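S.K.: Pasting in a structure now, in C-alpha cells, and then I'll have a few things to ask.
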Amino acid sequence: MISQRDIRLTVNGVSYEGSAEPRMTLVDFLRHELGLVGTHVGCEHGVCGACTILMDGKAVRSCIMLAAQADGADLMTVEGLAKDAELHPIQQAFMEERGLQCGFCTPGFMMSIHELLQTTTDPSDEEIRDALGGAICRCTGYESILKSVRNAAAKLRAST
Amino acid sequence: MGGFEFPKSIDDLPVTNPKWVGRPVKRVEDPQLITGRAEFIDNVELPGMLHCAILHSPHPHARIKSIDMSRAAAMPGVVTTLTGEDAERWTRKSYTTPEGWGTYVLATDKVRFVGEPVAAVAATSRYIAEDALELIDVEYELLDPIVDAFAAAQPDSPKVFDEHENNIMYQRKFTWGEVDEAFAQAGHTYTEKFRWHRVGANPLETFGVISEWDLVEDTLTCRGSFQTPSYMAMGRAATFRLPSNKVRFIGQPHGGSFGGKGGGRGTDITAMLSRKAGGRPVKWIEDRIEYLTAGGSQAWDRHYEVSIAVKNDGTVTALRVKLLDDLGATAEGFGATGAVKPMASFTGCYAIPAAEYDLTLVATNKLPASPYRGMGPPPHNFVLEQMMDIAARDLGIDPAEIRRRNFIPPDQFPYIIPSGNEYDSGEYEAALDKVLEMSGYEELRNEQEEARAQGRLIGVGVVSTIEPGVFDWNAYTVIGTRGIGIPEGVNVSIDTMGKITARVGFALEGQGQYTVVTQLLADYFCVELEDVRVVMADNLSAPPNFGPGGSRLGVAITGAVLGAAQRLTEKLVKVAAKLFEVQPEDVELLDGELRVKSVPESKISVRNVVGIMLNRSDMLPPDVDPSPEATFAWTAPGRVEPDEQGRVKSYLTAANACHLVMVEVDPDTGMVEILKYYIADDCGTRLNPANVDGMIQGALAQGVGAALLEEYVYDENAQPLTASFMDYLLPTIHEVPMPEKASLVTPSPFTPLGAKGAGESAIHTTPAAIMCAINDALLPLKVRATEVPASPNRVWKLIQDAQQQ
Amino acid sequence: MKPAPFEYYAPTSVAETVALLEQHGPEAKLLAGGQSLVPLLNMRLARPTVVVDVGRVAGLDYVREEDGALAIGAMTSQRTIERSELVEQRLPLLRAATRLVGHPQIRNRGTVGGSIAHADPAAEYPAVALALDAQMRVAGPGGERVIEAADFFVTYLTTALEPSDVLTEVRMPLLPGGAGWSIVEIARRHGDFALAGAVVTLSVDSGSIKDPRVVLFGVGATPIRVREAEERLAGESPSEALFTEAGKLVSEVIDEPLSDIHATAEFRRHLAGVMAQRGLAEAAGRVA
Ligand SMILES: Cc1cc2nc3c(=O)[nH]c(=O)nc-3n(C[C@H](O)[C@H](O)[C@H](O)COP(=O)(O)OP(=O)(O)OC[C@H]3O[C@@H](n4cnc5c(N)ncnc54)[C@H](O)[C@@H]3O)c2cc1C
C-alpha cells in the first residue's frame, strides 16, 4: 500500500493542509481535496490550458503537476481574483468584452492573463497571442478574449 | 398558434422605448462563470458518491469470448462492476436513426469500434476505478476490421451487424425537378469528387454525469452536462422501461456542447452501476481520450461526387450530389441526421431549379458519428461552392459575379427550394456587395495579380451560404425520426415585489440564452435586467422543451417568452379591468402599467396588480385565480409531413452570410496563411447583437479548424490515431483571423420579432470560403484541393504532383 | 486518465537522488518539470513504481558563463532561459530556440535538463545541443562524467543516460564572434512540436563559409547533423543558390524520416531540405 503524503500549501492567501496519494495531480487535489472547483479540467495532458493556475506567480498547468510537487508553494486560482463582491479588473473586462461564452476555459485564461499583466502592463497583440497561444477556447474564436486583455490592461494601468 | 399574434418587431413590444432587446447588453450568465462558481457537473459531490471508470474495447471488430470481472471486483475500493450482461438484462438496445442499427451500451456479442464500452466499475475514487480496469480479463476473437466506406458498401464486405444483409444503413435517391433534362440541355456540365474527413465538436468540458437509482422508489435521478435534459430523460425511461415520471434529469451548466456532448452510454452505465451499488450516486466524467475516441466527438466522414449543369451565362440549372457518408459502427446519437439536413438548404443561396441527392449511409468499424454544429451542411456547402468556382473559372466569369447571377432575388421570398424547404427572406446580393465593398475587392484582385507575377500563391474566396434555422423533426422524417414540431416552453411568474422569474428546461451552455430571456421580459414588463431571474427547471418541473440545437433556441425561446408574457398579461388585464370597472378589451399593458386605453390617468403598475391578485381575493374577477404566472410552449407554425420525394418545409428561417477570405499558400511547405477575412451576416433581427457576434466569431474558429487543422484519423485497421489534443488540432489564438464584420438585417416574416436562427453561424461558410481561396491560389498550377482539411502535407503533395507533370 | 500508483521521493541532493535511483533500479523514474513525464503518467503510458522528484534538489538552477560556454543547471526552467539577459547577449540562438518550445505555461515548468534527457526527436534543445557540441554533465553511481552531444542522443526518446544517472548540467559552447545562427521550424500550429526544423550556425571568413553546422530535428529518431551538407558549404561563398543546393542535398542524404498523421516520410524529407535552406539563409543574414 502506498502511503499518503502530507501536503501544505497556500492558495489565494489561505493556508491549507491535506494529504494525497503521490500520484494525485495538483488539479485533482485543488478541486476534490480542497474544494476549489473553479479550476477546470479539459484534457489532462497539458494542451488545452483550462487548468492553468499561478504557482509562485507563474502560470502553470495544474493537470500535469503532481500535488506533491506543489508542497510548500504559493498558489493562486480563479477564486482568488475577486475581493468579496468586487470583481478583479480582468473579470470586469471579460464581462464587458464578452470574453467568454460557456466559461469553462475562462478561469485558465484569466490566470495566464494575470501573469502577463504583472510583467507587461501594456501588451501588444503579439505579446497577448504569445501568452495565450497555449490555451484553447472552443466558443469565442478569441477575438473577444484579445479585447478583454487590452481592456483589462487599460483598467489596471488606470488604477495604478 | 393558439390565436396568438406575436410582435413582428422590437417596436411592437408593449414598451415605448425598448431598453434591452436589440442591444448588446452584458450577459446575466457571466458573474458565476468568471468567478469559477458555476456548478459544472464535476463540481458536484454527493454523499456516498462513487466514481465510474469504463473499459473500452482496444479492437475495432472482435467477438467477445469471455469477460472475467472477478479480480477487478475483489480489488479494495471497488464497490460494483458491470458488463454487457447487465445491460442486456436491464435495458433495450439504443434507439437509432435509421432504425435497427443500435447496440446495448456495453458490448454483448461483439465489439464494433475501438472505444466501445465493454465493462465498467464503480469505486471510491476515479484513481482506484481506473486501477480496477487493469484487472478485467477479456478474451477477444479478432474479426476483420471494416474501415473503408466504399469497401464496406460492397455486398461481399464483412458485416458490422450480422443480422443485417450488408452494411448499408440507408440508401435513397431523391429527385427534385427535371434533373436529367437540365443536364442534357446544359451548355456546360462539371463533375468533381470531394472528400471531407471526420471532424467534431470538442467542447472544452467533456461529458459528465452523476446517476442515482433509488431502489425503494425505483426512481432514477441524473445530473449532468446534458444538452437536452428532457429528451435524455425520455430516452432513459424507454431504455430502462421506467415510468417516465420516475426519471428526473437535472441539467448542469456545461462547458459547451456544439451538438457533441453525447452521453447516452455514460448515463446508462452510471445508472446501472448505481442500481447495483444499492443506490449510491455514481459519477462518470469522460476524459479527453474517451471523448476523442469513444465520445460524441466525430461527425461527417464524407465522400462526394458532385455535378452541376450550367448555361453559357453562368446560370446553374441543376445540381447532382452523390454522397457516401461513413456513419461508423452504429446509428445511435442522431449522427445520420447530418446527412439529411443539407436538404434544408440544398441549393444554397441560388435559384437552381432542379436537384438530385443520391445518399448512402454506410456502417464501418469506426466510432458512431455524432451531431456537430451545423449538423451536416458545412461539407455540402463546401462542395457546392467549389462547383460554383469551377464553373466560374471555366466560363471566365468572376466568382463573385457567378454567384450574383444565381442568387434568389429578394422579391421572390418566401421561396421554396427544389428539396422542399421554404426560405423566409433574404438579401443575398446586398450581403455580397457589402463584403466586396468592405474588402475593396477590385484592389484585392490587383494585389493578387501582382503577387502572382512574383510567383506567390495568393487566392481569394468569396462564398455565400444559408444557415437553416429553427430545426424541426420533420426535416429528418425520411431517415426515421418521429414527430412534427418541437415545443419550447417557459413559465413566467411575477411576485408581490414585482420580481419576475422565468423557468426554462435548458442549462447554461454558452450561447447566452438566459440573457435573451432576461432582455425580453425586462422590456415586456418595463423593468430592469436585475428584476428578472431565469432558472433551470428539471424535466419534471419544466414546461415541454428541447433546448439548444439546430439554431433554434433563440427563436423558439423568444416565442415562448412572448407567449407566456402575453398570457400572463391577459390575467393582469382582467384584474385591472375589474378594478377600473371597464371591460378587459379596454385595458392594455404599456410601459409596465395596465392602463385604460381611453383614460390615460387610470393606470396601475404590474406590481400592484400582482399584489392584488395574491393578497386581495375579494378584488379578483371570478374567472381569475390568484396565480400571476403563465406557461407557453412555442413551436414553429405550418410544419407538415414530407411528400414522397422527401420535400418538406422543415427549417423555419434562412439566415445568410457572405464571407470573403484571402490566403497565401507556401508552395514549399504547403502551409496556408489567412491574410484577410471579411464577413457580412444577415440573421434577421438581432436580439442581442453581441451574442450574434460571438456566435459568428466562434463558429469561424471552428470553420478554420475544419478547413485547415482538424481531422480524426484512423489507420487501415480502424485504429484511431487521434486520441489526444497533440494529434487532433484545435485552432488557437494564433490561427484564427479577426475579420472585419458587417451586419444586414432582413427580418424573418415567420418568427416573433423577426429573428432568425443564428447559433451555428459561420461554420456553414468558413470551410467553403477558405477552400475556395486555396483553390484560387492554386489556380496557376492547375491543381485543385478537394480534400478537407487542407493540411500542409496534402497541399504540398498537390503542388508537388503539379510540378512533376 | 489518472496515473497508476507509485511511491514518491523528493531528495534534496544529487547524491541522494542517484542513491534512490540506484536503489529502485529501472522501475524508478526521475521527475523534473513533469511537462513530458506527467502527461505520460496520466495516460499510463509511463508506469514507474517509484518517482524521484529532483525539484527540491538545490543548486541545479543556474546559467553562468564559464570558459567560453554557458553552463546551465539541469533544473533551470525554460522560462528562465527565455528571460535571461546573459543568454540573450551571449547565446541568442538558445533564446530563439526556447521561444519555440511549447507555450509560456509549459516553459514555466519545463526544464533544460528535462528536455534534453527526454530527447523528443522534434524538440528544439537537443538540436541546439548537437549543433553547438554541448556537453552533458552527468552524475551516476560511479561518479561524475561528461557526455558529448554527439554521443548523447541514441534514438527515439533514448539517450546515453543510464537509469540511475542524473543529468546535472548542460554546457552550451558560445558561438565565435560574428558567427551567424538560426533556428527555423514548421509546425501545424504555433507552439506545436515541429514537423521539421533546422538549427544552423556558420561563420564567414574572407567571403567564404567556415565551420558550418546543419542540424535537423523532427525528421529522424534523434536530431541529425548533415555532414554532407556542411562539407558542400564549407569554403564556398554564401548565396541563395548554394543554400538551395545544400537544402536539396539534405533532402537526398538523410535517412528515411519519421512518418505520422501530420507528415509522411516523403513530406518530411522535403521539409528537411526547405528548413535547411531557410535556416542557412537566415544564419548567413546574421553573420556580422
Ligand atoms: C503542450 C505541450 C507542448 C510542448 N511543446 C514542446 C515543444 O514545442 N518543443 C519541446 O522541445 N518540448 C515541448 N514540450 C515538452 C516540454 O518542453 C518539456 O518540458 C520537456 O520536454 C521535458 O522537460 P521537463 O523538465 O518537463 O521534464 P520531465 O517531464 O519531468 O521529464 C522528462 C523525461 O526526462 C527525464 N529527466 C528529466 N530531467 C532529468 C535529469 N536531470 N536527468 C535525467 N533524466 C531526466 C525524466 O525522467 C523523464 O523521462 C511540450 C509539452 C507540452 C505539455
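Residue numbers (the working numbering), protein chains in the order written: chain A, 3 to 162; chain B, 577 to 1381; chain C, 88 to 375. Beta carbons: idealized from backbone N, C-alpha and C, even for Gly. All figures in this text were calculated on a predicted structure; none of them were measured in a lab.
What are the residues of the segment 619-653 of chain B that lie near chain A, defined by any Cβ-Cβ distance shorter than 7 Å?
M.R.: Within the segment 619-653 of chain B, the qualifying residues are N619.
S.K.: Using a threshold of 8 Å, is the CB atom of A894/B nearer than that to any non-hydrogen atom of ligand 1?
M.R.: To locate residue 894/B, count along the second sequence from 1; it is residue 318. No, Cβ of A894/B sits at least 8 Å from all heavy atoms of ligand 1.
S.K.: Does the segment 29-48 of chain A touch the segment 851-868 of chain B, meaning 3 or more C-beta pairs lie closer than 8 Å?
M.R.: Result yes; three or more Cβ-Cβ pairs closer than 8 Å.
S.K.: Using a Cβ-Cβ cut-off of 9 Å, state whether A2/A counts as contacting chain C.
M.R.: Because chain A here runs from 3 to 162, residue 2/A falls outside it and cannot be looked at.
S.K.: Return yes when the C-beta of I66/A is under 8 Å from any heavy atom of ligand 1, and no when it is not.
M.R.: Within the first sequence, residue 66/A is the residue found at index 64, counting from 1. The answer is yes for I66/A.
S.K.: Enumerate, from N- to C-terminal direction, the unbroken alpha helix (DSSP H) stretches of 4 or more residues contained entirely within the segment 1337-1379 of chain B.
M.R.: Listed in chain order, they are 1342-1354.
S.K.: What residues of chain B sit near P109/A, judged by a beta carbon separation below 7 Å?
M.R.: As a position in the first sequence, residue 109/A is number 107, starting the count at 1. What P109/A touches in chain B: G612.
S.K.: Assuming contact is defined by CB atoms lying nearer than 9 Å, are R224/C and R258/C in contact in what I supplied?
M.R.: Reading the third sequence from its first residue, position 137 is the one you call residue 224/C. Reading the third sequence from its first residue, position 171 is the one you call residue 258/C. Against a cut-off of 9 Å, the Cβ pair of R258/C and R224/C comes out as a contact.
S.K.: Any heavy atom of ligand 1 inside 8 Å of the beta-carbon of D30/A?
M.R.: The residue you call residue 30/A lines up with position 28 of the first sequence. Flag unset: Cβ of D30/A not near ligand 1.
S.K.: Answer with buried or exposed for V16/A, where buried requires no fewer than 16 other C-beta atoms within 10 angstroms of its C-beta.
M.R.: Working through the first sequence from its first residue, we reach residue 16/A at position 14. Exposed, since its Cβ has fewer than 16 Cβ neighbours within 10 Å.
S.K.: Looking at E211/C and ligand 1, is the gap between the Cβ and the nearest heavy atom below 8 Å?
M.R.: As a working note, residue 211/C is residue 124 in the third sequence. E211/C: yes, Cβ under 8 Å from ligand 1.
S.K.: If the cut-off is 8 Å on Cβ atoms, which residues from the segment 90-110 of chain C count as contacting chain A, listed in chain order?
M.R.: Those would be P90, A91, P92, F93, E94, Y95 and A97, in chain order.
S.K.: Within 9 Å of any Cβ in chain C, is that where the Cβ of D732/B sits?
M.R.: Residue numbering aside, residue 732/B sits at position 156 when the second sequence is read from its first letter. No - not a single Cβ of chain C is within 9 Å of the one on D732/B.
S.K.: If I measure Cβ to Cβ from D298/C and keep anything under 6 Å in the same chain, skipping five residues before and after, which residues do I get?
M.R.: For the purposes of this step, residue 298/C is taken as the residue at position 211 of the third sequence. Closer than 6 Å at Cβ, skipping near neighbours: S290.
S.K.: I want to verify the contact list: residues of chain C whose CB lies under 8 Å from the CB of M1347/B, in sequence order.
M.R.: Here residue 1347/B is taken as the residue at index 771 of the second sequence, counted from 1. The contacting residues do not exist; M1347/B stays about 18 Å from chain C at best.
S.K.: Check whether chain C comes within 9 Å of Q1376/B, counting only Cβ atoms and requiring the distance to be less than that.
M.R.: For the purposes of this step, residue 1376/B is taken as the residue at position 800 of the second sequence. So, interface residue.
S.K.: Give me the Cα-Cα distance between R355/C and L1097/B, rounded to the nearest whole angstrom.
M.R.: What you label residue 355/C is simply residue 268 of the third sequence in a count that begins at 1. What you label residue 1097/B is simply residue 521 of the second sequence in a count that begins at 1. Spanning the two alpha carbons is a distance of roughly 59 Å.
S.K.: How far does the alpha helix (DSSP H) with M1189/B in it extend, from its first residue to its last?
M.R.: For the purposes of this step, residue 1189/B is identified with residue 613 of the second sequence, where counting begins at 1. Counting along the chain, the alpha helix (DSSP H) containing M1189/B begins and ends at V1182 to N1191.
S.K.: Name, going along the chain, the residues of the segment 837-865 of chain B whose beta-carbon falls closer than 9 Å to a beta-carbon of chain C.
M.R.: Answer in chain order: D863, R864 and I865.
S.K.: Check whether the Cβ atoms of Q608/B and G105/A lie closer than 9 Å to each other.
M.R.: As a first step, residue 608/B is located in the second sequence; it is residue number 32 there, counting from the start. As a first step, residue 105/A is located in the first sequence; it is residue number 103 there, counting from the start. It is a contact, given that the beta carbons lie within the stated cut-off.
S.K.: Starting from the N-terminal side, write out each stretch of the beta strand (DSSP E) that is 3 residues or longer and does not extend beyond the segment 776-827 of chain B.
M.R.: Segments of the beta strand (DSSP E) lying fully in the segment 776-827 of chain B: 784-790, 795-800 and 823-827.
S.K.: Count Cβ pairs between the segment 1341-1353 of chain B and the segment 298-309 of chain C that sit closer than 8 Å; are there 3 or more?
M.R.: Contact between the segment 1341-1353 of chain B and the segment 298-309 of chain C is absent, because fewer than three Cβ pairs lie under 8 Å.
S.K.: Verify the contact flag: M162/C, CB atom, against every heavy atom of ligand 1, threshold strictly below 8 Å.
M.R.: Against the third sequence, residue 162/C aligns to sequence position 75. Yes; taking the cut-off as 8 Å, the Cβ of M162/C has a heavy atom of ligand 1 nearer than that.
S.K.: Residues bridged to V1108/B by DSSP?
M.R.: Sequence index remark: in the second sequence, residue 1108/B carries index 532 (1-based). Answer by DSSP bridge pairing, in chain order: I1076/B.
S.K.: When you measure from the CB of F280/C to every non-hydrogen atom of ligand 1, does any distance come out below 8 Å?
M.R.: For this step, residue 280/C is matched to residue 193 along the third sequence. Answer for F280/C: yes, Cβ within range of ligand 1.
S.K.: Under 9 Å between the Cβ atoms of G143/A and Q1087/B?
M.R.: Numbered from 1 along the first sequence, position 141 holds the residue referred to as residue 143/A. Numbered from 1 along the second sequence, position 511 holds the residue referred to as residue 1087/B. No, they are not a contact pair.
S.K.: Which residues in chain C have a C-beta closer than 9 Å to the C-beta of T1145/B? List them in chain order.
M.R.: Here residue 1145/B refers to the residue found at position 569 when the second sequence is read from its first residue. The contacting residues do not exist; T1145/B stays about 53 Å from chain C at best.
S.K.: Which value, in whole angstroms, describes the spacing of the CA atoms of Y716/B and H632/B?
M.R.: As a first step, residue 716/B is located in the second sequence; it is residue number 140 there, counting from the start. As a first step, residue 632/B is located in the second sequence; it is residue number 56 there, counting from the start. Between Y716/B and H632/B, the C-alpha separation is close to 13 Å.
S.K.: Is any heavy atom in ligand 1 found nearer than 8 Å to the beta carbon of Q165/C?
M.R.: Within the third sequence, the letter at position 78 stands for residue 165/C. Under cutoff, so the answer is yes.
S.K.: Hey, quick one: how far does the beta strand (DSSP E) through E327/C stretch, first residue to last?
M.R.: Counting from 1 along the third sequence, the entry for residue 327/C is found at position 240. Here E327/C belongs to no beta strand (DSSP E); instead the alpha helix (DSSP H) covers E327 to V340.
S.K.: Kindly list, in the order they appear in chain A, the residues whose Cβ is closer than 8 Å to that of I193/C.
M.R.: Here residue 193/C is taken as the residue at index 106 of the third sequence, counted from 1. The contacting residues are G48, R63 and G136.
S.K.: Around the Cβ of I992/B, are there at least 16 other Cβ atoms within 10 angstroms (buried) or fewer (exposed)?
M.R.: Here residue 992/B corresponds to residue number 416 of the second sequence, with the count starting at 1. Exposed, since its Cβ has fewer than 16 Cβ neighbours within 10 Å.
S.K.: Would the C-beta of S123/C count as close to ligand 1, meaning under 8 Å from any of its heavy atoms?
M.R.: On the third sequence, position 36 is the one that residue 123/C refers to. The answer is yes for S123/C.
S.K.: Looking at chain A, which residues of the segment 361-372 of chain C have a Cβ within less than 7 Å of any of its Cβ atoms?
M.R.: Listed in sequence order: no entries.
S.K.: Whose C-alpha, out of E152/C, G120/C, L128/C and R151/C, is nearest the C-alpha of R143/C?
M.R.: Start at 1 with the first residue of the third sequence, and residue 143/C comes out as number 56. The shortest C-alpha separation from R143/C is found at G120/C.
S.K.: Who are the near neighbours of Y212/C in its chain, counting only those whose CB is closer than 6 Å to its CB and skipping five residues on each side?
M.R.: Here residue 212/C refers to the residue found at position 125 of the third sequence. S202 and I203, listed in sequence order.
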